[in-house]
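A.B. asks: Just passing along the structure, written as structure tokens.
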Amino acid sequence: MLDWGYKYLMCPPQHFGVLYEINPWMHHEVQVDTEKAQAQWQFLVDTLQAAGASIVLQEPAPGWPDLVFTANAGIVSGDLFVASRFRHPERQGETPLDIAWFRAHGYRIEMLPEDIGHEGAGDALPFGDVLLSGYRFRSDMQAHTAISHLVKTAVRPIELVDDRLYHLDLSFCPLDERRAIMAPLAWDVYGCKVMEQLVPEPLVLEAYEALTFCANSVVVGKLVVMPSCPPRVGRRLESWGFSVVVCPVDEFLKAGGGCRCLTLALDVTLGRKAPEKENVSTDSDLSTGEGEVSLIQGESDG
Amino acid sequence: MAATALVELEGHIVDSLMLAKVLDIILDVGADYVVEEFRLGKTQQDMSFVRVQVTAKNDHALDALLEELQVHGVNRLVLVETDAVTLPASQDGVFPSGFCVTTNLVTEVRLGGVWRSVSNPEMDCGLRVVGEGEGLRVDTVPMHRVMKGEQIVVGNTGVRVSSVILPGRGGHFAFMNSEVSPEKPKGLLVRRVAERIRFARENGQKILVVAGPSVVHTGAAPELARLVGEGWVDVLFAGNGFATHDMEANVMGTSLGVSVMQGTPIEGGHSNHLRVINEIRRCGSIMAAVENGYVNGGVMYECVQKAVPFVLAGSIRDDGPLPDVVTDMPEAVDRMRGHLEGVGVALMLASTLHAIATGNLLPVWVETYCVDINQSVVTKLSDRGSHQALGIVTDVGLFVRELAACLC
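From first to last, the protein sequence lines stand for chains A and B. In terms of this note's numbering, the first sequence opens at residue 110 and continues consecutively. In terms of this note's numbering, the second sequence opens at residue 865 and continues consecutively.
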């Protein structure tokens, strides 16, 4: 089981809406049903709390609709908060609000160099003792050196190549020390190789599965809270001993965000021991039956 | 012209395959790289660092590549440009200590914040700054010519040389791309050289011929004379031997005592060239010997008739020598230098020492063809820095005849 994921920062969606278009999912003409969004968000909160996680709230702010996606506030490690630097001006106003919240709650605040973009936990997820960090669409490769210095952890940059999965948390979800949900569709060939080396037991998503945002899930112990759950993925998770709860967040999908995007884990301390790669149990659903699963597109079934 | 930049990448670049990816990207777009510095992090947490020199085929390709690499965290190293440092020469013929030694590549020197091209790149010289203000310029100066008080560039600060695409790697030099090979269709090569000579001529460039005595021994002197007579040679460098045997062949019909018509030794022929040298010394110069009718044909005759300048440089084993032979070596080299401006094609014909001496003086952009039956001459020329030299391993007599047939 993961030793983090029991405390989350969330922001109520009072001011949420699709007011601009900064990813392929956002369409200005699509209206958000505010009441439905509020109900979906509350259901997510209730589900996480029921699973044993504590939820801490951030004050929503008018004019910053995406503040609801707290995963993008920054990177948390122990009492350190590395604030994001948003690429799009539409979101840059969130950073002072995030910094104010973390400062008020006793965190040490660190900033990335001014000309470097990085969108926080949305593009940075820990696995074992390394931090995986996506780059290209929202975050800059150059950020990784600075982040690594600040959080004192090895960072593995992963190039994102599919703009529909523009943040790393749309294609990668650590489940425990050995397992993760992974959507190689989103990664370049080198990223696939790195992931293949790193994760002993991957749950590899087909493209159509990945595009349901099912990797954008929140893991609380053995419970996986998912925006949607394709049947094959659910069966695999259950065979590994996980329970699945689907929290529909389709109002937030209109802005390109799922369950994980609405949460920021606060109980993360980066730099853990790496899992052993030995004794990999072959994922019978995914492998070709001839050795290890290859994530590289064209070589895998997906 | 190839464009180069220094770039750096730092971070966890090894396990993340970032380094492999970046180097792959460079090669995939047809550029090349040299890893200048690589520091591998000791533990998994330590960062690694790499500094790479990237070379693309031109500025445009380099910019596009650097833009792509930037996405992967590769930053161009911005070098702080500083002016070159100069010191005055403390005495004639001696450079200041630490003087910048030149190459024959395109060279620029930064002075007053402006990069200035060196007017006459030549290897193994110093860089001299002359003039002031608008008239400020930089030239190369050989050691023996530097004068006390002249400003000489010291160190490599503020000096840059451009990579060149070597002949044979594309463009109009695409033929003969293995440096030297005896196994080439010679007729084709000769025709291509003829084309290059015509091209140079049409573009107002000069043709330089460096000739060894074998040109005469192999019976090719009349054909070379025809090339001179028809205006295909603008300047001739040779030694005492070539000029002597050329005139011996004209006056006596022999070359080093061997009949150039029959190919057999003539009785008493071993003295022929000495008698010719003696007569020309009596005349006072080759020009005088032509004017008084003693020499009435051959390469030297045509040079005089066509006012084609020639420099005859002496050597320690010369007979005579001819009165025109310059026996002061630095003086001879200086005279050769004086004829190099505007040379576009250099043809080295069966000459080893004079070919290498000339190669040492030529900037890298002069198309240099080295024709010799002996492959090692071409190799020697390249080994001494004249990388632009293209070798044609063949009998020089046949080559010159073919060339004359193509051009005349």
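All C-beta atoms in this analysis are idealised placements derived from N, C-alpha and C, irrespective of residue type, glycine included.
Based on Cα-Cα distance, which residue from A:M135, A:F125, A:Q151 and A:T143 lies nearest to Q173 of chain A?
C.D. replies: Residue numbering aside, residue 173 of chain A sits at position 64 when the first sequence is read from its first letter. In the sequence as displayed, the identity of residue 173 of chain A is Trp instead of Gln. Minimum Cα distance to W173 of chain A is reached at A:F125.
A.B. asks: Express the C-alpha separation of G366 of chain A and F178 of chain A in angstroms, rounding to a whole number.
C.D. replies: Locating residue 178 of chain A in the first sequence gives position 69, counting from the first residue. Locating residue 366 of chain A in the first sequence gives position 257, counting from the first residue. Their Cα atoms are separated by approximately 7 Å.
A.B. asks: Name the DSSP beta bridge partners of D1003 of chain B, please?
C.D. replies: Start at 1 with the first residue of the second sequence, and residue 1003 of chain B comes out as number 139. According to DSSP, which records beta bridges pairwise, D1003 of chain B is partnered with B:R992.
A.B. asks: Determine contact between the region 217-225 of chain A and the region 333-346 of chain A, defined as no fewer than three beta-carbon pairs at a distance below 8 Å.
C.D. replies: Short answer: they don't touch.
A.B. asks: Under 7 Å between C-beta atoms, does V264 of chain A make it to chain B?
C.D. replies: Numbered from 1 along the first sequence, position 155 holds the residue referred to as residue 264 of chain A. So, interface residue.
A.B. asks: Taking only the alpha-carbon atoms, compute the straight-line gap between V965 of chain B and N1224 of chain B and give it to the nearest angstrom.
C.D. replies: Against the second sequence, residue 965 of chain B aligns to sequence position 101. Against the second sequence, residue 1224 of chain B aligns to sequence position 360. Those two C-alpha atoms are separated by around 13 Å.
A.B. asks: For A867 of chain B, count neighbouring Cβ atoms within 10 angstroms of its own Cβ and tell me buried if that reaches 16, exposed if not.
C.D. replies: Reading the second sequence from its first residue, position 3 is the one you call residue 867 of chain B. Looking at its Cβ environment, which holds 16 or more other Cβ atoms inside 10 Å, A867 of chain B is buried.
A.B. asks: Would you kindly check if the distance between the Cβ of L320 of chain A and the Cβ of V185 of chain A is under 7 Å?
C.D. replies: Here residue 185 of chain A is taken as the residue at index 76 of the first sequence, counted from 1. Here residue 320 of chain A is taken as the residue at index 211 of the first sequence, counted from 1. No. Outside cutoff.
A.B. asks: What are the boundary residues of the alpha helix (DSSP H) that includes S348 of chain A?
C.D. replies: For the purposes of this step, residue 348 of chain A is taken as residue 239 along the first sequence, with counting starting at 1. Unbroken alpha helix (DSSP H) run through S348 of chain A: P340 to S348.
A.B. asks: Say whether chain B places a C-beta atom closer than 7 Å to the C-beta of T254 of chain A.
C.D. replies: Sequence index remark: in the first sequence, residue 254 of chain A carries index 145 (1-based). By this cut-off, T254 of chain A is an interface position.
A.B. asks: Could you confirm whether any beta carbon from chain A is found closer than 7 Å to the beta carbon of S880 of chain B?
C.D. replies: What you label residue 880 of chain B is simply residue 16 of the second sequence in a count that begins at 1. Yes - at least one Cβ of chain A is within 7 Å of the one on S880 of chain B.
A.B. asks: Can you tell me which of the three DSSP states A1096 of chain B falls into?
C.D. replies: Along the second sequence, one-based indexing puts residue 1096 of chain B at 232. With the sequence shown as reference, residue 1096 of chain B is identified as Trp, and Ala is not the correct amino acid for it. It is coil, neither helix nor strand.
A.B. asks: Rounded to a whole number of angstroms, what is the C-alpha to C-alpha distance between L1053 of chain B and K1170 of chain B?
C.D. replies: As a position in the second sequence, residue 1053 of chain B is number 189, starting the count at 1. As a position in the second sequence, residue 1170 of chain B is number 306, starting the count at 1. Whole-angstrom Cα-Cα distance: 28 Å.
A.B. asks: Who are the neighbours of Q908 of chain B on chain A, taking C-beta pairs under 7 Å?
C.D. replies: As a working mapping, residue 908 of chain B is identified with position 44 in the second sequence. Those within 7 Å of Q908 of chain B in chain A are A263.
A.B. asks: Under 8 Å between beta-carbons, which chain A residues line up against E874 of chain B? List them in chain order, please.
C.D. replies: As a position in the second sequence, residue 874 of chain B is number 10, starting the count at 1. Simply T254.
A.B. asks: Find the nearest neighbour of G1107 of chain B within the set B:V1002, B:K1050, B:L1267 and B:L1186, judged by alpha-carbon distance.
C.D. replies: Here residue 1107 of chain B is taken as the residue at index 243 of the second sequence, counted from 1. The sequence as given places Ala at residue 1107 of chain B; Gly does not occur at that position. Considering only alpha carbons, the answer is B:L1186.
A.B. asks: Give the residues of chain B in contact with Y299 of chain A, contact being defined as C-beta atoms less than 9 Å apart.
C.D. replies: Position 190 of the first sequence holds residue 299 of chain A. Those within 9 Å of Y299 of chain A in chain B are S880, L881, M882, A884, K885 and D888.
A.B. asks: In its own chain, which residues sit with a C-beta less than 8 Å from the C-beta of D1183 of chain B, not counting the 5 before and 5 after it?
C.D. replies: If you number the second sequence from 1, residue 1183 of chain B lands on position 319. Once the five neighbours on either side are set aside, the close Cβ partners of D1183 of chain B are N1104, T1108, H1137, L1138 and I1141.
A.B. asks: Closest by CA to A192 of chain A, which one among A:K145, A:D285 and A:A252?
C.D. replies: Indexing the first sequence from 1 puts residue 192 of chain A at position 83. Ranking the options by Cα distance to A192 of chain A, first place goes to A:A252.
A.B. asks: Based on the DSSP output, what are the partners of V918 of chain B in its beta bridges?
C.D. replies: By one-based count along the second sequence, residue 918 of chain B stands at place 54. DSSP lists B:A869 and B:Y897 as partners of V918 of chain B.
A.B. asks: Might you give, ordered along the chain, the residues of its own chain that have their beta carbon closer than 8 Å to the beta carbon of V1154 of chain B, omitting 5 neighbours on each side?
C.D. replies: Here the question's residue 1154 of chain B lines up with position 290 in the second sequence. Same-chain partners within the cutoff: N1160, M1164, Y1165, V1168 and Q1169.
A.B. asks: The beta strand (DSSP E) spanning K1170 of chain B covers which residue range?
C.D. replies: On the second sequence, position 306 is the one that residue 1170 of chain B refers to. Taken as a continuous stretch (DSSP letters only), K1170 of chain B belongs to no beta strand (DSSP E), as it is neither H nor E.
A.B. asks: When the distance is taken between beta carbons, is V1017 of chain B closer than 7 Å to T967 of chain B?
C.D. replies: By 1-based counting over the second sequence, the position of residue 967 of chain B is 103. By 1-based counting over the second sequence, the position of residue 1017 of chain B is 153. Going by C-beta atoms, T967 of chain B is not nearer than 7 Å to V1017 of chain B.
A.B. asks: Which chain B residues sit within Cβ distance under 8 Å of M135 of chain A?
C.D. replies: Stepping through the first sequence from its first residue, residue 135 of chain A is reached at position 26. Neighbours of M135 of chain A on chain B: none; closest Cβ ~23 Å, over 8 Å.
A.B. asks: Buried or exposed, going by whether 16 or more other CB atoms sit within 10 Å of the CB of Q149 of chain A?
C.D. replies: As a position in the first sequence, residue 149 of chain A is number 40, starting the count at 1. Buried, by the Cβ-count rule.
A.B. asks: Would you verify that the beta carbon of G937 of chain B is, or is not, closer than 7 Å to some beta carbon of chain D?
C.D. replies: Protein chains A and B are contained in the structure displayed, whereas chain D is not.
A.B. asks: For M304 of chain A, would you say it is in contact with chain B, using Cβ-to-Cβ distances shorter than 7 Å as the test?
C.D. replies: By one-based count along the first sequence, residue 304 of chain A stands at place 195. No, because no Cβ of chain B sits closer than 7 Å to the Cβ of M304 of chain A.
A.B. asks: Can you tell me whether DSSP reads G243 of chain A as helix, strand or coil?
C.D. replies: Along the first sequence, read from residue 1 onward, the residue named residue 243 of chain A stands at position 134. Of the three classes helix, strand and coil, the one that applies to G243 of chain A here is strand, per DSSP.
A.B. asks: Please classify C338 of chain A: is it buried, with 16 or more other beta-carbons within 10 angstroms of its beta-carbon, or exposed?
C.D. replies: Translated into the one-based positions of the first sequence, residue 338 of chain A becomes position 229. Answer is buried; the Cβ neighbour count reaches 16.
A.B. asks: Starting from K116 of chain A and walking both ways along the beta strand (DSSP E), at which residues does that stretch end?
C.D. replies: Position 7 of the first sequence, counted from the first residue, corresponds to residue 116 of chain A. Where K116 of chain A is concerned, the enclosing beta strand (DSSP E) stretches over K116 to M119.
A.B. asks: With a 10 Å radius around its C-beta and 16 neighbouring C-beta atoms as the bar for buried, classify N922 of chain B as buried or exposed.
C.D. replies: Looking up residue 922 of chain B in the second sequence gives position 58. Burial call: exposed.
A.B. asks: Closer than 8 Å, Cβ to Cβ, to anything on chain A: give me those residues from the region 910-928 of chain B, in chain order.
C.D. replies: Flagged, chain order: M911.
A.B. asks: With M119 of chain A and V154 of chain A assumed to form a contact (beta carbons below 8 Å), what rounded beta-carbon distance in angstroms separates them?
C.D. replies: As a working mapping, residue 119 of chain A is identified with position 10 in the first sequence. As a working mapping, residue 154 of chain A is identified with position 45 in the first sequence. Yes, they are in contact, since the Cβ atoms of M119 of chain A and V154 of chain A sit about 6 Å apart, within 8 Å.
A.B. asks: Below 7 Å between beta carbons is the criterion; list the residues of the region 236-247 of chain A that meet it against any residue of chain B, in chain order.
C.D. replies: Here the close residues are R245.
A.B. asks: Give the C-beta separation of L1176 of chain B and V1190 of chain B to the nearest angstrom, bearing in mind that I take them to be a contact with Cβ-Cβ under 8 Å.
C.D. replies: As a first step, residue 1176 of chain B must be located in the second sequence, where it is residue number 312. As a first step, residue 1190 of chain B must be located in the second sequence, where it is residue number 326. Yes, L1176 of chain B and V1190 of chain B are in contact; Cβ-Cβ is about 7 Å, under 8 Å.
A.B. asks: For R1248 of chain B, I'd like the list of residues in its chain whose CB is within less than 8 Å of its CB, leaving aside the five on either flank, ordered along the chain.
C.D. replies: Counting from 1 along the second sequence, the entry for residue 1248 of chain B is found at position 384. Counting only Cβ-Cβ distances below 8 Å, and skipping sequence neighbours, we find I1220, G1223 and N1224.
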